[in-house]
Amino acid sequence: MVICRFQSKSCIVLVGLVILVAVVSFVFVYTQNAPNGEIPDPEFPLPPSSMPMGSYSNVGVVSNGGPCAQIGVDVMRNGGNAVDAAIATMLCDGVCCPEYMGIGGGFLMSIYNATTKKVMTINARESAPAAATSEMFVKDPKKSMFGGLAVAIPGELKGYSTIYDLYGGQVSWESLFEPTIRLCENGIKISERLELNMQNHEDLIKNDPFLREALFDEKTGHVKKVGEEYKLPKLAETLKIIAVEGSDAIYNGSLTYQLVEDLKKVNGIITEEDLANYEVEVEESFAVNLKSGHTIHVGPPPSSGVILAYILRILDGILPAPNSELDAHRLVEAFKFGYGERTHLGDHNFVNVSKIYEKISSDSYIDSIRNKISDDFTSLDPKYYGADFDMPENHGTANSVVTDSLGNTVVGTSTLNIYFGCGFVSPSTGITLNNEMDDFSTPGVTNYYGIPSSPANFIEPGKRPMSSMCPTIITDKKGDFVLGAGAAGGSKITLATAYVSALKLWYNMTLKEVIDKPRIYHQLVPMEVQYEYGTIKSVVQKLKDIGHPVSRLKNTIGSAATAIAKSPSGMIETMPDFRRPGNSSGY
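First residue of the sequence shown? That's 1 in the UniProt record's numbering, and the numbers climb one at a time after it.
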């Protein structure tokens, strides 16, 4: 026992040391007794994360880092609407999160119009060039990831100009680019997240002259550190041209020829005609009604929005379960059935996907799936869940959400695919190019379970590959906005968005509680439940008892969800994810 007067500084230090030793000893003892020296799963819920939830009365923005959320808010202060603000925010994210997204990539988006109470979906995802073939990567699969052949026709910038013309335009096009141009010229601070991703891809960065110039420290022989700055002068020049000439500068203008020549030098097959012919798809959302009167609004394949809707339809009526252990099991089973259906999907312009719409809309069919979910059984056979084919893993992305003072809301998920895309920056433009061709399936490949790759996702000219991205908007009985959500995290995106949506719909939780809660995942392949640290011990044990193989994620960034919700009092709640710290702002 320590006995002393607490006024004494030395005593305070002594007490602190005693507490520190006790905590270290506790952790040491438990980690020694745990498998692989891991801290055991907690028996009680963890305390809340340090990530704050924003609450605003007029507008809100959630972005992925740097000053991007505030840039979006400033656009709305200056008279812009949610669409204008989303463009400015995503342009900023593209330079502050260069490993995830940029104008060399593509996006999927949902836009809620508070006046019409309709949701439009925007498909600006990358598409295969005219010279692409289904077997182009059979002999050398790595070419789908690195170099010019991996690049699909970028859609990001054409998507921005399309939504600006259709739904934005309350401020000038040029003004949306100015903040990001200044960042490129004056310097951008490296975040902890970017530093980690740079360290994990140091060789890739060293091998590209532009990535090396921006992100590599020649004095230390390693990538730059957190807090240091990088500049993107060539990209700034390009953005200035686009700000004046519009997106045609890239697709059919002054920058097109040289961009294509850059790609040719690294074996790319994109032509000037490919860029000129690229089109953004705009259509009304697929709306799915729940028993509560809420409506889920999602886009068609290649988005996985229909899979999110399918999962939530299955869960509607069986959640909440009697306890958290069965909550987890029922979620997992719905995830598995959802990902079984996903194996049949592809770009809806190339594949007949009408059956998935029929299944989601059919009460009797959904009931038949619910009846297959037993509280004391799970199958380890992917075919039990409807999986006839395999789908490739997706990779990194970034999600932004914006709500303006009228209630208009934008959810946009953007990607370069793998970190830093194909690892090539166009010398003439400073644009980092995607490697979206890797998201297609390749003929002749069979996975561990003997399931062949999905023909629905084979490469065809003009086709867009399947994506886990599913920017989602949920409205109430009156058609008013309730939740806008999306996620980053590759193939776990759909699961994270479904998890967040389910918690917000059925568990009377604040948006912070929803985003903070440890997540569980099941992608069907691999055949295991993956869960984040913080999932309580009894839940993990119950899943094991039922027969689920389980694995705790070593890296807690299984996914990073971002969302905006309208509270019962009418406040705009904004929430980034502590797993990949971004930021939010509003007023």
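Using N, Cα and C, we set each Cβ at its ideal position, and we do this for glycine too.
With DSSP collapsed to three states, give me the class of I572.
Strand, per DSSP.
Roughly how many whole angstroms lie between the Cα atoms of K291 and V59?
So the two alpha carbons sit approximately 30 Å from each other.
Along the chain, where does the beta strand (DSSP E) containing Q530 start, and where does it finish?
Residues 529–531.
Which parts of the region 142–218 are runs of the alpha helix (DSSP H), unbroken and 4 residues or longer, counting only runs that do not cross its ends?
With a minimum length of 4 residues, the continuous alpha helix (DSSP H) runs that stay inside the region 142–218 are 156–167, 173–186, 192–200, 202–207, 209–215.
Hey, would you say K117 sits closer than 8 Å to G479, going by beta carbons?
Yes, they are a contact pair.
Going by DSSP, what residues sit across from G106 in a beta bridge?
Per DSSP, T415.
Pop quiz: K512 and M53 are said to be a contact at Cβ under 8 Å. What is the actual Cβ separation, rounded to whole angstroms?
With 8 Å as the limit, K512 and M53 qualify as a contact, their Cβ atoms being about 4 Å apart.
Between Y365 and the rest of its own chain, which residues show a CB-CB distance below 8 Å, the 5 nearest in sequence each way excluded?
Result list for Y365: E358, K359, in chain order.
Please report the straight-line C-alpha distance between F216 and S559, rounded to a whole angstrom.
Answer to the nearest angstrom: the Cα atoms are 27 Å apart.
Under 8 Å Cβ to Cβ from N33, same chain only, skipping five residues before and after it: list those, please.
Caution applies to N33, whose pLDDT of 40 falls short of 50 and renders its modelled position unreliable; the model cannot decide the point.
Between G386 and T238, how many whole angstroms is the CB-CB distance? I'm expecting something under 8 Å.
Actually they do not touch by this definition, with Cβ atoms about 45 Å apart.
Report the three-state DSSP secondary structure of Y257 (helix, strand or coil).
Here Y257 sits in helix by DSSP.
Would you please state the rounded distance, in angstroms, between the beta carbons of A236 and I181? I believe it to be under 8 Å.
About 5 Å; that satisfies the 8 Å criterion.
Rounding to the nearest angstrom, what Cα-Cα distance links P300 and V119 in this structure?
Rounded to the nearest angstrom, the two C-alpha atoms are 13 Å apart.
Less than 8 Å separating the beta-carbons of M391 and N457?
In this structure, N457 lies closer than 8 Å to M391 by Cβ.
Drop a sphere of 10 angstroms on the beta-carbon of K225, count the other beta-carbons inside from all chains shown, and report buried for 16 or more, exposed for fewer.
Exposed: under 16 other Cβ atoms inside 10 Å.
Grouping DSSP H, G and I as helix and E and B as strand, with all else coil, what is S247?
S247: coil per DSSP, three-state reduction.
For K492, which residues from the same chain have a beta carbon less than 6 Å from its beta carbon, with the 5 sequence-adjacent residues on both sides left out?
Counting only Cβ-Cβ distances below 6 Å, and skipping sequence neighbours, we find Y521, G558, S559.
Could you give the residue range of the beta strand (DSSP E) that holds H297?
Start and end: 295–298.
For M575 and L232, what's the separation of their Cα atoms in angstroms?
Cα to Cα, M575 sits roughly 29 Å from L232.
For G227, which residues in the same chain have their Cβ closer than 8 Å to its Cβ, ignoring the five residues on either side in sequence?
Answer for G227: K189, I190, listed in chain order.
Out of curiosity, what's the CA-to-CA distance linking S414 and Q70?
Computed Cα separation, rounded: 19 Å.
Put E229 into one of helix, strand or coil per three-state DSSP.
Residue state, collapsed to three classes: strand.
Going by beta carbon distance, what residues of the same chain come within less than 7 Å of H201, once the five residues before and after it are set aside?
Once the five neighbours on either side are set aside, the close Cβ partners of H201 are Y419, F420.
Should A276 be labelled buried (16 or more other beta-carbon atoms within 10 Å of its own) or exposed?
Counting Cβ neighbours within 10 Å, A276 comes out exposed, since fewer than 16 surround it.
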